[in-house]
Amino acid sequence: MAEQEIQVHEKMQVNPPEGEFTREGPYFTPAVDICENEKELILKVDMPGVNGKNVEIDLRDGVLSIVGKVAEAAPEGQELLTEYRTGNYFRSFRITDVVDQEKITASMTDGVLTLVLPKSHKAVPRKIPIATT
């Protein structure tokens, strides 16, 4: 069996470009995988500890914003070491006219939010037939 290298990525805390968040607690940038096919873009947003009821997705002025809220678990006994920080998640994406914004769908399974962004009719590639005489 070939050895595989394991890479550990630390959570990155969100720092707003100007000012401060008006929400309490830390916010982290969730890891996102983006895939594309001829008909759609698919985003997979990793938000461990978040369920579908605690996710807010907002599309305003061409910006898709995702907020995932984690319910704080009460620690059992005295904490001696904490290596995993919990907090909420925030990520935003600029959406162009390539995406049909009216048909965006979302689903949540096991802490992974899946967003399907269908391409608008004009952005879907098509073959143009050649007429011969």
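Residue numbers (the numbering used here): 389 to 521. For each residue, glycine too, the CB sits at the ideal point set by N, CA and C. Note that the coordinates shown come from a computational prediction; the quantities given were computed from them, not determined experimentally.
Item                                                                                                         : Value
Beta-carbon gap between Val512 and Glu426 smaller than 8 Å                                                   : yes
Classification of Val451 by the beta-carbon crowding that lies within 10 angstroms, buried from 16 upward    : exposed
Option in Pro414, Gln489, Gly413 with minimal Cα separation from Pro506                                      : Gln489
Residue from Asp498, Val486, Leu469, Pro418 whose Cα sits closest to the Cα of Val433                        : Pro418
Lys441, buried or exposed, once every other Cβ within 10 Å from all chains shown has been counted against 16 : exposed
Val504 - DSSP class collapsed to helix/strand/coil                                                           : strand
Option in Arg482, Met435, Ala459, Glu467 with minimal Cα separation from Leu501                              : Met435
Glu464 (DSSP reduced to helix, strand or coil)                                                               : coil
For Glu490, three-class secondary structure by DSSP                                                          : helix
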